[in-house]
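**Student:** Okay, here's the structure, questions in a sec.
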Amino acid sequence: MKAPVAALIAAMAWTGSALAAGCPRTGTLGTSRILGVDAATTPQVGLKNFPQTLPLGDHEVVLTFDDGPWPPTTPLVLAALARECVLATFFLIGKPASEHPELVRRIAAEGHTIGHHTWLHRSLKQIKPSETTEEIDRGIAAVEMALHGKATTVPSTPFFRFPGFESTPATLELLRSRGIVVFGTDLWASDWDSMTPEEELKLITDRLEIARRGIILFHDPKARTATMLPAFLRYLRDNHYRVVHLVPASPGVHFSGAH
Numbered sequence: 000m001k002a003p004v005a006a007l008i009a010a011m012a013w014t015g016s017a018l019a020a021g022c023p024r025t026g027t028l029g030t031s032r033i034l035g036v037d038a039a040t041t042p043q044v045g046l047k048n049f050p051q052t053l054p055l056g057d058h059e060v061v062l063t064f065d066d067g068p069w070p071p072t073t074p075l076v077l078a079a080l081a082r083e084c085v086l087a088t089f090f091l092i093g094k095p096a097s098e099h100p101e102l103v104r105r106i107a108a109e110g111h112t113i114g115h116h117t118w119l120h121r122s123l124k125q126i127k128p129s130e131t132t133e134e135i136d137r138g139i140a141a142v143e144m145a146l147h148g149k150a151t152t153v154p155s156t157p158f159f160r161f162p163g164f165e166s167t168p169a170t171l172e173l174l175r176s177r178g179i180v181v182f183g184t185d186l187w188a189s190d191w192d193s194m195t196p197e198e199e200l201k202l203i204t205d206r207l208e209i210a211r212r213g214i215i216l217f218h219d220p221k222a223r224t225a226t227m228l229p230a231f232l233r234y235l236r237d238n239h240y241r242v243v244h245l246v247p248a249s250p251g252v253h254f255s256g257a258h
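Using numbering that gives the first Met the number 0, read the sequence shown as starting at 0 and increasing by one per residue.
This is the structure we're talking about:
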């Protein structure tokens with residue numbers, strides 16, 4: 000246990016210095032461009048789940064993290080991203096967000112986008128239809144309370160991902176009617192399975208070598224992912240991948256420039 004704890008402490012220390020130094024810095028992976036995403040044009044994205052995905056070029060990737068915030072590991076993920084000047088999207092669960100609001104605010108303060116992932120991460124296919132709206136709205140309200148001190152069900156960032164990708168026609172229509180983009184993914188690290196960080200790195204890089212682009216799904220509460228992430232970011236840098244950061248699109252504004 001000593002090595003992971005030491006790594007976490009060192010990584011947390013690096014985060015502050017990395018932010019102070021500013022980004023991008025020479026030799027880092029960096030964030031290549033910002034992409035505005037709007038429910039009117041891309042209501043549902045991710046080829047694992049839907050017919051379309053984001054307009055990404057060859058060797059462009061979007062990094063996403065589900066199920067946080069989780070104090071033992073989310074800071075280590077943030078530190079790895081800060082070290083390489085990379086921005087990502089975090090889909091947060093409402094209950095842990097309400098328990099760790101300072102970590103929610105830290106994710107946002109470091110420039111990352113915060114989306115929503117329900118209140119308790121229950122399958123919306125397995126609960127009563129009468130409960131699904133409450134599960135969605137309570138999760139949104141908890142994250143908004145942590146971020147802004149107001150428990151609104153109107154998300155400041157209208158991005159949502161279903162737990163286990165388990166949507167229903169009714170919940171998809173609910174989110175579409177509210178202008179909330181539903182995210183699937185294009186490839187994933189399978190980090191819910193038991194494996195070593197080295198095995199996870201090989202799995203995701205092998206998949207990326209075939210896909211060559213796409214939305215990638217990780218889970219920041221997984222220790223194996225937090226440990227593996229610095230090596231994965233180095234792989235992206237060494238193999239000339241470019242990271243695209245997602246934000247809500249503003250009417251009439253096109254985001255495409257370098258960060």
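Positions of the beta carbon are idealized from the N, C-alpha and C atoms, including for glycine.
(1) DSSP three-state call for THR112: helix, strand or coil?
(2) Going along the chain, which residues of its own chain have a beta-carbon closer than 6 Å to the beta-carbon of ALA145, five neighbours each way excluded?
(3) Under 9 Å, do ILE92 and HIS116 count as touching if we go by C-beta distance?
(4) Please report the distance separating the alpha-carbon of CYS22 from that of ALA39.
(5) Taking C-beta to C-beta, are HIS244 and THR88 nearer than 9 Å?
(6) Just to confirm, does THR41 get its C-beta within under 8 Å of one of the non-hydrogen atoms of the ligand GTP?
(7) Hey, could you find the ends of the alpha helix (DSSP H) GLU133 is sitting in?
(8) Whose C-beta lies closer than 6 Å to the C-beta of GLN43 among residues of the same chain, with five residues either side of it excluded?
(9) Please tell me whether GLY35 and VAL246 are closer than 9 Å, where the distance is taken between their beta carbons.
(10) Hey, how far is the Cα of ALA12 from the Cα of PHE161?
(11) In or out: VAL153 buried (at least 16 other Cβ within 10 Å) or exposed?
(12) Helix, strand or coil, according to DSSP, for LEU55 in the structure here?
(13) Leaving aside the five residues before and after GLU83 along the sequence, list all residues of the same chain whose C-beta is less than 6 Å from its C-beta, in chain order.
(14) Given a cut-off of 9 Å, decide if TRP191 and LYS221 are closer than it, judged by their beta-carbon atoms.
(15) Could you tell me which residues DSSP pairs with ASP65 in its beta bridges?
(16) Rounded to whole angstroms, what's the CA-CA distance from ALA248 to LEU53? Just pull it up for me.
(17) Mind checking whether LEU173 and THR224 have CB atoms under 9 Å apart?
(18) Would you mind working out which of ALA78, ASP57, THR41 sits nearest THR227, comparing C-alpha positions?
(19) Please report the distance separating the alpha-carbon of ASP57 from that of SER122.
(20) Judging by CA-CA distance, which residue of GLY138, LEU119, LEU80 is the nearest neighbour of THR151?
**Tutor:** This is what the structure gives:
(1) Reduced to three states, the DSSP call for THR112 is strand.
(2) Counting only Cβ-Cβ distances below 6 Å, and skipping sequence neighbours, we find ALA96, PRO100, VAL103.
(3) A contact, by the Cβ cut-off of 9 Å.
(4) So the two alpha carbons sit approximately 32 Å from each other.
(5) Yes; because the gap between Cβ atoms is below 9 Å, this pair is in contact.
(6) Looking for the ligand GTP in the displayed structure turns up nothing, as the structure carries no ligands at all.
(7) Membership of GLU133 in the alpha helix (DSSP H) is indicated by the continuous run 128 to 147.
(8) For GLN43, same chain residues with a beta-carbon under 6 Å away, outside a window of 5 residues either side, are PHE49, VAL181 in chain order.
(9) In contact: GLY35 and VAL246 (Cβ atoms closer than 9 Å).
(10) Its pLDDT being 37, under 50, ALA12 is placed unreliably in this model, and the value from its coordinates should be taken loosely. Inter-residue distance for ALA12 and PHE161 is about 33 Å (C-alpha atoms, whole angstroms).
(11) VAL153 comes out exposed.
(12) Coil, per DSSP.
(13) Around GLU83: THR27, LEU28, LEU232.
(14) The Cβ atoms of LYS221 and TRP191 lie closer than 9 Å to each other.
(15) As DSSP reads the structure, ASP65 sits in a beta bridge with PHE90, HIS218.
(16) Going from the Cα of ALA248 to the Cα of LEU53 covers about 13 Å.
(17) No, these two residues do not count as a Cβ contact at 9 Å.
(18) Note on identity: in this sequence residue 227 is Met, with Thr being the wrong assignment. Checking every option, the nearest Cα to that of MET227 belongs to ALA78.
(19) Rounded to whole angstroms, ASP57 to SER122 spans 34 Å at the Cα level.
(20) With distances taken between Cα atoms, THR151 lies closest to GLY138.
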